[in-house]
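Enquirer: Just dropping this structure here.
Residue numbers (this note's numbering): 180 to 633.
Take a look at the structure:
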């Protein structure tokens, strides 16, 4: 059986009864977190630019989260996907090496706006898409990630397609075709990190996954061996000897990937590969208080897989700063925190931060074999002017593992703060309550309506 068909069979056979209480809880938290990120990102330049571009702003019935515009399903999936990832604050997943919810949820909300879908159906479709992209990730990562592909997009498109197919009620053959078509629709490279192109990748994946499902519902065809073919996904994206197709099916849904390793809720609005360094810095400063003026120099040793895209001592824009471990550490030292305003134009142009960056050096960790799943291995060395040397090694940022999830209070605080960028206090509370009882909703389209502004 071809991989597209094998995945489709598993996706179509998944039922709501297969979702454990933990799977449902994680799904609702991830959706809530991503909705909050989209609401906060609704006014970002990438969203404005998309909405001003002909062909990407076709009017329709699907709400743009955090705005008054309503677009057709494909345009809405694109714009909402870009908004969800615009601040780089959305959830992450270890297996995927990227952000699992932002490519999937906008496609589902676009379909939900048509009516006729319940909250239970949306949750089931979401988990099916999550499982699809995470299992495919296991067959190609972390070579795929290291090679320069942006997994949130190149793998997320399959998650969006599988989720859309499940919500549309497509059969196995149609779902197989949608996945095969997505082999030709997968795209996104890490060279474009730090620019508008990165959140565009995610919106593009949401739109393309949705489009693949809609096309195959109407009889569109693709090659079912598009993964295994000698000129297919595995050979083209990863190259000979750098993938293991069997891992995409091994232990499928046993447990569901959304349960183990689960979701990671980001607590800082910047690239995930900087978070372990930030946690390490805050730990050292808590245990050994010191001031910025006391710092003679800092060396941060990162796993080579993560160093490549965050070693940025020279910045181009404030968006680029989110992908600079030097800037993130400098900003955290100066302010004692990392928040959305840490990446404003004023913060980015701060002379003190730019000067401090020159004393921070990012280097490859000499023993990457010590890394645990996720490859977050980080060592932080701080030299003070009085001769003191402070050192800490960390293997993962807070909230990345199933046994040490982000505190619920922190997740809700983050959501309330993000959602308040677009909605008033009462609307935020109503939306939060609705999302956390999603399985009880008779009409899933109410989610988009609650996120719309007048």
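Where is the CB? At the ideal position from N, CA and C, for every residue including glycine.
Using the Cα positions of residue 601 and residue 626, report the straight-line distance between them to the nearest angstrom.
Expert: When rounded, the distance between both Cα atoms is 15 angstroms.
Enquirer: Which of the three DSSP states is assigned to residue 252 in this structure?
Expert: Helix at residue 252.
Enquirer: I need the DSSP call for residue 516, collapsed to helix, strand or coil.
Expert: Residue 516 falls in the coil class under three-state DSSP.
Enquirer: Check the DSSP bridge columns for residue 242 and list the partner residues they point to.
Expert: Answer by DSSP bridge pairing, in chain order: 249.
Enquirer: Helix, strand or coil for residue 464? Go by DSSP, reduced to three states.
Expert: Three-state result, residue 464: helix.
Enquirer: Would you tell me roughly how many angstroms separate the C-alpha atoms of residue 226 and residue 246, rounded to the nearest one?
Expert: One C-alpha to the other measures close to 10 angstroms.
Enquirer: Whose CA, out of 211, 453, 515 and 519, lies closest to the CA of residue 491?
Expert: Among 211, 453, 515 and 519, the Cα nearest to that of residue 491 is on 453.
Enquirer: Which same chain residues, not among the five before or five after residue 451, have their C-beta less than 6 angstroms away from its C-beta?
Expert: Cβ neighbours of residue 451 beyond the five flanking positions: 271.
Enquirer: Give the secondary structure of residue 560 by DSSP, where H, G and I count as helix, E and B as strand, and everything else as coil.
Expert: Strand, per DSSP.
Enquirer: Starting from residue 541 and walking both ways along the alpha helix (DSSP H), at which residues does that stretch end?
Expert: Element bounds for residue 541: not the alpha helix (DSSP H) but the beta strand (DSSP E), 539 to 543.
Enquirer: Short check: CB of residue 357 to CB of residue 193, under 8 angstroms?
Expert: Contact flag unset, no.
Enquirer: Let me know the secondary structure DSSP gives residue 431 once reduced to three states.
Expert: Note: residue 431 maps to coil in three-state DSSP.
Enquirer: How is residue 200 classed by DSSP in three states: helix, strand or coil?
Expert: Reduced to three states, the DSSP call for residue 200 is helix.
Enquirer: Leaving out five residues before and five after residue 489 in sequence, what residues of the same chain have Cβ atoms less than 6 angstroms from its Cβ?
Expert: Within the same chain, residue 489 has close Cβ partners 450, 452, 453, 502 and 504.
Enquirer: Could you check if residue 537 is buried or exposed, using at least 16 other CB atoms within 10 Å of its CB as the buried criterion?
Expert: Exposed, since its Cβ has fewer than 16 Cβ neighbours within 10 Å.
Enquirer: In whole angstroms, what separates the C-alpha of residue 234 from that of residue 387?
Expert: Their backbone Cα atoms lie some 15 angstroms apart in a straight line.
Enquirer: Mapping the DSSP letters down to three states, classify residue 569 as helix, strand or coil.
Expert: In the structure shown, residue 569 sits in a strand (DSSP, three-state: E or B).
Enquirer: How is the beta strand (DSSP E) around residue 335 delimited, first residue to last?
Expert: Segment 335 to 347 is the alpha helix (DSSP H) holding residue 335; no beta strand (DSSP E) there.
Enquirer: Check for me: the alpha helix (DSSP H) holding residue 381 runs from which residue to which?
Expert: Here the alpha helix (DSSP H) through residue 381 covers 376 to 396.
Enquirer: Using a Cβ-Cβ cutoff of less than 7 angstroms, which residues in the same chain neighbour residue 531 once the five nearest sequence positions on both sides are dropped?
Expert: Cβ within range, chain order: 513.
Enquirer: Grouping DSSP H, G and I as helix and E and B as strand, with all else coil, what is residue 477?
Expert: If DSSP states are grouped into helix, strand and coil, residue 477 belongs with the strands.
Enquirer: Buried or exposed: which applies to residue 180, given that a residue is buried once 16 or more other Cβ atoms fall within 10 Å of its Cβ?
Expert: Classification for residue 180: exposed.
Enquirer: Who are the near neighbours of residue 560 in its chain, counting only those whose CB is closer than 6 angstroms to its CB and skipping five residues on each side?
Expert: 478 and 570.
Enquirer: So is residue 610 buried or exposed if we call it buried at 16+ other beta carbons inside 10 Å?
Expert: So residue 610 counts as buried.
Enquirer: If you reduce the DSSP assignment to three classes, tell me which class residue 410 lands in.
Expert: Here residue 410 sits in coil by DSSP.
Enquirer: Would you grab the beta carbon distance between residue 207 and residue 617 for me? Rounded to a whole angstrom, and I think it's under 8 angstroms.
Expert: About 6 angstroms; that satisfies the 8 angstroms criterion.
Enquirer: Apart from the five residues just before and just after residue 476, which ones in its own chain have a Cβ nearer than 7 angstroms to its Cβ?
Expert: Only 538 and 562 meet the Cβ criterion.
Enquirer: Mapping the DSSP letters down to three states, classify residue 489 as helix, strand or coil.
Expert: Here residue 489 sits in coil by DSSP.
Enquirer: Please classify residue 410 as buried or exposed, where buried requires at least 16 other C-beta atoms within 10 Å of its C-beta.
Expert: Exposed, because fewer than 16 other Cβ atoms sit within 10 Å of the Cβ of residue 410.
Enquirer: Helix or strand or just coil, what does DSSP make of residue 352?
Expert: Here residue 352 sits in helix by DSSP.
Enquirer: Among residues of its own chain, excluding the 5 on either side of residue 463, which ones have a beta-carbon nearer than 7 angstroms to its beta-carbon?
Expert: Within the same chain, residue 463 has close Cβ partners 559, 561, 569 and 571.
Enquirer: Where do the N-terminal and C-terminal ends of the alpha helix (DSSP H) with residue 310 fall, by residue?
Expert: Looking at the DSSP string, the run of the alpha helix (DSSP H) that includes residue 310 is 298 to 319.
Enquirer: Please determine, among 594, 274, 252 and 344, the residue with the shortest C-alpha to C-alpha distance to residue 303.
Expert: Comparing Cα-Cα distances from residue 303 to each of 594, 274, 252 and 344, the minimum goes to 344.
Enquirer: Going by DSSP, which residues form a beta bridge with residue 584?
Expert: 578 and 579.
Enquirer: Hey, out of 212, 535 and 262, whose CA is closest to residue 377's CA?
Expert: It is 262.
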